[in-house]
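Participant:
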Amino acid sequence: MSWGTELWDQFDNLEKHTQWGIDVLEKYIKFVKERTEIELSYAKQLRNLSKKYQPKKNSKEEEEYRYTSTRAFLATLNEMNDYAGQHEVISENMTSLITGELTRYVQELKQERKSHFHDGRKAQQHIETCWKQLEASKRRFERDCKEADRAQQYFEKMDADINVTKADVEKARQQAQLRHQMAEDSKAEYSSTLQKFNSEQHEHYYTHIPNIFQKIQEMEERRIVRIGESMKTFAEVDRQVIPIIGKCLDEITKAAESVDHKNDSQMVIEAFKSGFEPPGDVDFEDFTQPMKRTVSESSLSNSRGDGKSEPKFGSKSKGKLWPFIKKNKLMSLLTSPHQPPPPPPASASPSAVPNGPQSPKQQKEPLSHRFNEFMTSKPKIHCFRSLKRGGAGPEDFSNLPPEQRRKKLQQKVDELNRDIQKEMDSRDALTKMKDVYIKNPQMGDAASVDHRLAELGQNIEKLRLEVQKFEGWLAEVEGRLPARTEQPRRQSGVYEAQNPSGVNSCAQDRESPDGSYTEEQSQETEMKVPATDFDDEFDDEEPLPTIGTCKALYTFEGQNEGTISVAEGEMLYVIEEDKGDGWTRIRRNEDEEGYVPTSYVEVYLDKNAKDVHKPLQKISE
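The C-terminal residue of the sequence shown carries number 675 in my numbering, and the numbering is unbroken.
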């Protein structure tokens, strides 16, 4: 089967067919190129997806990835990144092994095809030239034969005419012989040209054209083989990365199998355990007696008669966080809110003379109602969340619950110990270097490292002092955990039983207006008592004495816990001056006290404390 013998007369069709084959090859190259672009785009999107869900450094998200489920998710993101890399490998291999190779081959194929069809056209032009020469020789032979016949007929006519001279007859005879000779020469030339053309034609159709068409056939077959090999390579490139992709998927499966729900649950306990104990039972309060409300010894009130601490309930808003506050922290609650006070309103007039009625007292609710609210609400969660809203806390982490504080202090001690070890390693290295300099002075001056050694010694000493400080705090907080028997008690007996809402007012102030959870070190002495009852954590204390009075220059809406609402022109008692944070603590009566911005009131300090229960009325200037 040869194109040279079977398709000897299909030169034009073969030219069209080979051009179509090149077009098919270029179309396949374009297809592979678009596939590589898709692979690159897919890989890029996978990488962006993985990067999008990666935890940000030094952020809250990093802490969340300590759980097994989130670690498995992080491993999945990393494996997806590797998965994307394999699609990039597919794109690179297809570009180099298929697209690049076929593009070069197409250029070579076009050149070869051009050469072959140029030879075919040249052979065709040669045979056409030979054919034209044959036709010209044939026409010349035919013309000479006709002229020889006419010359012969003219001679015979002249020879038969008796009126023609002998000379004219002779001339006609010579002319006839010349024409006959020319016809014979044309015949010989035509015969020679014919033989030559037949030879060239045979050579053309049985030698030249078959050879050219055979080369074109071989070229086309190589193109077909090459495109088939490229398709095979196309599949092999994908198949080569399947094992690595399989490993990525196996790692994702392995990470998924490593998820441990029990471990994650335990980590949640470790992360959020406060170290507080739940409150004790609340006893029945008999409201049928006309006397002042009394509660049993194990209730949350305080009885001064037997000396046991009993927490008391104030208003609904003031008893919100009592289960999470120990008595040794109560003084920290008396500090002013951390939120900066609002500026005084520009439209208010300081000289206004209001004569409105006194602000009404907040209605007390039954103890059972308040306790039910506590059991259904989430005050401690709100409080713990506020730890992160409150900004940077104190150095001793006293703004945290005991268990969380212990963990933070332990982490700080470990970090300082690592820093000490690094400094000591640096000091040891410099000491060895100094010994080398002493033994070999030409290598360096031993005195040049003395300054650095002194700095390292100072740094180590500072770090050790820091460790001692944090270890002291750590020992303190470990002694205060519920599992311990050490319970704090206050030195001063400022609070009296006459203010039943005093303790709960402190609990209210525990959460400042900005919602942050605050806790400061109190300068108190501690004594060990059995920690068997939640009631032992509260002592009987009396309200702070008044140190003066103040007049409200502007109306202030105390919407946050720890603050109190006042009306313009209202007179109130001052129980704590501004300590530089912009807040002044005031009292309206025995049940209502809180903070107001210092710029909102005009303070009149008095050495003689005013009666805590005596109400004040609004006065005009």
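Just so you know, even glycine gets a beta-carbon here, dropped at the ideal spot from N, CA and C.
Indicate whether Arg227 and Phe251 have their beta-carbon atoms separated by less than 7 Å.
Facilitator: No; because the gap between Cβ atoms is not below 7 Å, this pair is not in contact.
Participant: Exposed or buried, Glu311, counting other C-beta atoms within 10 Å across all chains shown (16 or more means buried)?
Facilitator: Looking at its Cβ environment, which holds fewer than 16 other Cβ atoms inside 10 Å, Glu311 is exposed.
Participant: Measure the CB-CB distance between Thr90 and Met148 and report whether it falls below 7 Å.
Facilitator: Cβ distance < 7 Å, so Thr90 and Met148 count as in contact.
Participant: Taking 7 Å as the CB-CB cut-off, is Arg227 touching chain C?
Facilitator: Given the protein chain composition of this structure (a single chain), no chain C is represented.
Participant: With respect to the alpha helix (DSSP H) encompassing Ile492, which residues constitute its N-terminal and C-terminal limits?
Facilitator: 456-493
Participant: Report the three-state DSSP secondary structure of Lys605 (helix, strand or coil).
Facilitator: strand
Participant: Whose CA, out of Leu163, Gly139, Ile474, lies closest to the CA of Cys302?
Facilitator: When only C-alpha atoms are compared, the closest one is Gly139.
Participant: Just to confirm the assignment, what range does the beta strand (DSSP E) spanning Ile629 have?
Facilitator: 625-630
Participant: Within 10 Å of its beta-carbon, does Arg424 have 16 or more other beta-carbons around it, so buried, or fewer, so exposed?
Facilitator: Since pLDDT at Arg424 reaches only 43, below the 50 mark, its modelled position is unreliable, and no value is offered.
Participant: Using only CA atoms, which one of Asn614, Glu615, Pro651 lies nearest to Val628?
Facilitator: Pro651
Participant: Under DSSP, the alpha helix (DSSP H) around Pro332 begins and ends at which residues?
Facilitator: Careful: Pro332 lies outside any alpha helix (DSSP H) and carries neither H nor E.
Participant: So, with DSSP's three-state summary, where would you put Pro297?
Facilitator: helix
Participant: When the distance is taken between beta carbons, is Trp57 closer than 7 Å to Ile263?
Facilitator: no
Participant: Which residues does DSSP list as the beta-bridge partners of Leu100?
Facilitator: According to DSSP, Leu100 bridges with nothing at all.
Participant: What separation, rounded to the nearest whole angstrom, lies between the Cα atoms of Glu243 and Ser191?
Facilitator: 7 Å
Participant: Pick out whichever of Tyr654, Ala483, Asp215 has its Cα sitting closest to the Cα of Ala621.
Facilitator: Tyr654
Participant: Closest to Thr124 by CA distance: which of Arg518, Ala221, Asp318, Gln512 is it?
Facilitator: Residue Asp318 is the option with its Cα nearest to Thr124.
Participant: State the CB to CB distance for the pair Asp314 and Thr122, rounded to an integer number of angstroms; the pair is presumed to be in contact (CB under 8 Å).
Facilitator: 5 Å
Participant: So, using beta-carbon positions, are Ala205 and Arg233 closer together than 7 Å?
Facilitator: yes
Participant: Look up Ile270 in the DSSP assignment and say whether it is helix, strand or coil.
Facilitator: helix
Participant: In terms of alpha-carbon separation, which member of Ala202, Glu146, Lys176 lies closest to Gln235?
Facilitator: Ala202
Participant: Less than 7 Å between the beta carbons of Phe288 and Gly174, yes or no?
Facilitator: no
Participant: Run through DSSP, which three-state label would Ile640 get?
Facilitator: strand
Participant: Would DSSP call Phe451 helix, strand or coil?
Facilitator: coil
Participant: Check for me: the beta strand (DSSP E) holding Gly648 runs from which residue to which?
Facilitator: Looking at the DSSP string, the run of the beta strand (DSSP E) that includes Gly648 is 646-651.
Participant: Run through DSSP, which three-state label would Val657 get?
Facilitator: The DSSP-derived three-state label of Val657 is strand.
Participant: Can you tell me whether DSSP reads Thr600 as helix, strand or coil?
Facilitator: coil
Participant: Any idea if His256 is buried or exposed, counting beta-carbon neighbours within 10 angstroms, 16 or more meaning buried?
Facilitator: exposed
Participant: What residue from Asn102, Glu283, Tyr259, Ser619 has the CA that sits closest to Leu156's CA?
Facilitator: Glu283
Participant: Could you give the DSSP three-state label for Thr59: helix, strand or coil?
Facilitator: helix
Participant: Could you spell out the range, first to last residue, of the alpha helix (DSSP H) harbouring Asp222?
Facilitator: 220-257
Participant: Below 6 Å CB to CB, which residues in the same chain sit around Ile298 once its five sequence neighbours on both sides are set aside?
Facilitator: Gln140
Participant: In three-state DSSP terms, what is Val336?
Facilitator: Look at Val336 here: in three-state DSSP terms it is coil, with no helix or strand label.
Participant: Could you tell me which residues DSSP pairs with Phe610 in its beta bridges?
Facilitator: For Phe610, the pairing in a beta bridge is given by DSSP as Val620.
Participant: Using the beta-carbon count (16 or more within 10 Å), is Gly154 buried or exposed?
Facilitator: Exposure of Gly154 is indicated by the presence of fewer than 16 other C-beta atoms within 10 angstroms of its C-beta.
Participant: Using the three-state DSSP reduction, which class does Gln108 fall into: helix, strand or coil?
Facilitator: coil
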